[in-house]
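See below for the structure under consideration.
Protein chains: 2
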Amino acid sequence: MAAVVGHEDTRTRLLATALRLFTTHGVEGTSLQMIADELGVTKAAVYYHFKTKDEITEAVVEPGLRELEATVEEATRERRPGARIDHLLTGFVDVVVRHRALVALFSSDPGVARALEKHFFHKESAMAGMITILAGPDPDPARLVAAHAALAGIALAGGAPDLAHLDDPTLRDALLDVGRKLLGRPRPRAPRAPAHVR
Amino acid sequence: MAAVVGHEDTRTRLLATALRLFTTHGVEGTSLQMIADELGVTKAAVYYHFKTKDEITEAVVEPGLRELEATVEEATRERRPGARIDHLLTGFVDVVVRHRALVALFSSDPGVARALEKHFFHKESAMAGMITILAGPDPDPARLVAAHAALAGIALAGGAPDLAHLDDPTLRDALLDVGRKLLGRPRPRAPRAPAHVR
DNA sequence: GTCTATAATACGATAGAC
DNA sequence: GTCTATCGTATTATAGAC
Numbered sequence: 039m040a041a042v043v044g045h046e047d048t049r050t051r052l053l054a055t056a057l058r059l060f061t062t063h064g065v066e067g068t069s070l071q072m073i074a075d076e077l078g079v080t081k082a083a084v085y086y087h088f089k090t091k092d093e094i095t096e097a098v099v100e101p102g103l104r105e106l107e108a109t110v111e112e113a114t115r116e117r118r119p120g121a122r123i124d125h126l127l128t129g130f131v132d133v134v135v136r137h138r139a140l141v142a143l144f145s146s147d148p149g150v151a152r153a154l155e156k157h158f159f160h161k162e163s164a165m166a167g168m169i170t171i172l173a174g175p176d177p178d179p180a181r182l183v184a185a186h187a188a189l190a191g192i193a194l195a196g197g198a199p200d201l202a203h204l205d206d207p208t209l210r211d212a213l214l215d216v217g218r219k220l221l222g223r224p225r226p227r228a229p230r231a232p233a234h235v236r
Numbered sequence: 039m040a041a042v043v044g045h046e047d048t049r050t051r052l053l054a055t056a057l058r059l060f061t062t063h064g065v066e067g068t069s070l071q072m073i074a075d076e077l078g079v080t081k082a083a084v085y086y087h088f089k090t091k092d093e094i095t096e097a098v099v100e101p102g103l104r105e106l107e108a109t110v111e112e113a114t115r116e117r118r119p120g121a122r123i124d125h126l127l128t129g130f131v132d133v134v135v136r137h138r139a140l141v142a143l144f145s146s147d148p149g150v151a152r153a154l155e156k157h158f159f160h161k162e163s164a165m166a167g168m169i170t171i172l173a174g175p176d177p178d179p180a181r182l183v184a185a186h187a188a189l190a191g192i193a194l195a196g197g198a199p200d201l202a203h204l205d206d207p208t209l210r211d212a213l214l215d216v217g218r219k220l221l222g223r224p225r226p227r228a229p230r231a232p233a234h235v236r
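If you're matching them up, the sequences are chains P and F in order. If you read the first sequence in this note's numbering, its first letter stands for residue 39, the second for the next number, and so on. If you read the second sequence in this note's numbering, its first letter stands for residue 39, the second for the next number, and so on.
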């Protein structure tokens, strides 16, 4: 199973380049010409790998979105509401850390939503599902705002260029802390230290 | 002092329309044709009020950015670090609530940064200044991440369409709560209720 | 202040050579 | 698998009539 390597490689390079350009210029602000130039090929060469620009956008976003949807589905299966939140929170943070800028991209870039709404993927429902789990049924405004802020804060902080120097475990812990503070969840295995803390 | 009213009115309508389109399609995803169509005028009419698209982007963003810069400057003048954080936090939340989608726009849209970096405004330094105040000097990773998450979370939650139905005081309180939780600040005038709360 | 008309350029996308 | 060349359209922006 080691055929078409050259093909896969160029395709992978293309997606990596596209992601980088998308995060700095936005999807709509990135032209196929820019991608081709960065790759050192022509526009027509890009069109060999992908039929349309939307197809590129989908392919860039796909892996992260798939993992996110899987995490939401897993979390939904938890019986206790608190466990649902914890499962979703850790799963979300893991995806953000694994893909860094990607989640920030489709948390805020309208071009991603536009490209995705025409096909199978449903970013909207994944986001709605996460909010429902985090805020619970019939949430008060404070909890609803906290849920939104947690998702946006984790996604954008995780993808922030200023924080790119942090290694994965450090970033992961810090992002988990953000989520736990906003959602009122205890840290695992250290429920609540009484008085000598800080 | 009540001249040129018609002019000001169209200009204001134009900016409001531009902001709305920017938030739903992104700056680069919004064409002057879209703005003109939405206004019921032609592209040339838009060009009467603004010489370039960048000028529109600047004008849309200007009021919010000015208020933000003023808030940062005020906060910097506070002597105690905690007071600096509280001042910046409340000021930032007020700007977000007053302008709702605007702050979310220039927190995440690359088109805004691109349009601004060519002229007087310095979004970058305003953001850096806020992070410095919130995270303090030589911050550990956790505090740095918390500061980033607080700003991004407040901005994007404040501009979220899902939360547009919340009235200003409710949204304001909820966003302040987000910031305080992430930055470890106490709620004013109700330091810590002992046991009967919740 | 808004219009028609148009210029110059960039866009996404296709055809066909190599 | 990548190229040159091109099509049709949309873009920002300008000139000039009304």
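No residue lacks a Cβ here, since even glycine has one placed at the ideal position from N, Cα and C.
- By the rule that beta-carbons nearer than 8 Å mark a contact, H186/P touches chain F.
- Cα atoms of A151/F and R138/P: separation of roughly 20 Å, rounded to the nearest angstrom.
- Under the DSSP assignment, S69/P falls outside any alpha helix (DSSP H); it carries neither an H nor an E label.
- Within chain F, the residues whose beta carbon sits less than 9 Å from that of L204/P are P179, L182 and V183, listed in sequence order.
- Of all residues in the stretch 134-151 of chain P, the ones placed with a Cβ closer than 9 Å to any Cβ belonging to chain F are A142, S145, S146, D147, P148 and G149, in chain order.
- Positions of the beta strand (DSSP E) runs, each at least 3 residues long and wholly inside the stretch 85-117 of chain F, cannot be given because no such run exists.
- Chain-ordered, the chain P residues with CB closer than 9 Å to the CB of E66/F read H63, G64, V65, E66, G67, T68 and G149.
- Per DSSP, the continuous alpha helix (DSSP H) segment holding R136/P begins and ends at P119 to H137.
- Taking a cut-off of 8 Å on C-beta distances, the stretch 71-79 of chain P does not touch the stretch 103-119 of chain P, as fewer than three cross pairs fall below it.
- The beta carbon of G129/P does not come within 8 Å of any beta carbon belonging to chain F, so the residue lies off that interface.
- For a cut-off of 8 Å, the C-beta gap from E66/P to G149/P is around 4 Å, short enough to register as a contact.
- Within the same chain, T109, V110, A113, M168, I171 and L172 come within 8 Å of L126/F by CB-CB distance, once the 5 residues on both sides are set aside.
- For L194/P, the chain F residues whose C-beta falls within less than 9 Å of its own C-beta are S145, S146, H186, A187, L189, A190, G191, A193 and L194, listed in chain order.
- C-alpha of A185/P to C-alpha of P177/F: approximately 26 Å in a straight line.
- Secondary structure of V150/P (DSSP, three-state): helix.
- Note that the C-beta distance between F144/F and V99/F is below 8 Å.
- Excluding its 5 nearest sequence neighbours in each direction, L201/F has C-beta neighbours in its own chain below 8 Å: A195 and L209, listed in chain order.
- Within chain F, no C-beta atom comes less than 8 Å from the C-beta of A82/P; the nearest is roughly 24 Å away.
- Contact annotation for K219/F against chain P: K219 and L220 [CB-CB distance below 7 Å, chain order].
- Fewer than three pairs of CB atoms, one per stretch, sit closer than 8 Å, so the stretch 85-92 of chain P makes no contact with the stretch 121-136 of chain P.
- Using beta-carbon distances, T208/F counts as an interface residue toward chain P, with a partner under 8 Å.
- Contact between G64/P and D211/F fails: their C-beta atoms lie close to 33 Å from each other, not under 8 Å.
- Scanning I123/F, L213/F and E107/F for the CA closest to the CA of P175/F turns up I123/F.
- K219/F is the residue among P179/F, D205/F, L57/F and K219/F whose C-alpha sits nearest the C-alpha of R223/P.
- Secondary structure at P226/F: coil, using DSSP grouped into helix, strand and coil.
- E107/F is the residue among G197/F, E107/F and P179/F whose C-alpha sits nearest the C-alpha of K161/F.
- In the DSSP annotation of this structure, the continuous segment of the alpha helix (DSSP H) that includes D206/F starts and ends at D206 to L221.
- DSSP, reduced to helix, strand and coil, places E76/P within a helical segment of the structure shown.
- Look at A153/F: its C-beta is not under 8 Å from any C-beta on chain P.
- Membership of G191/P in the alpha helix (DSSP H) is indicated by the continuous run P179 to G197.
- For V99/F, not one C-beta of chain P is nearer than 8 Å to its own C-beta.
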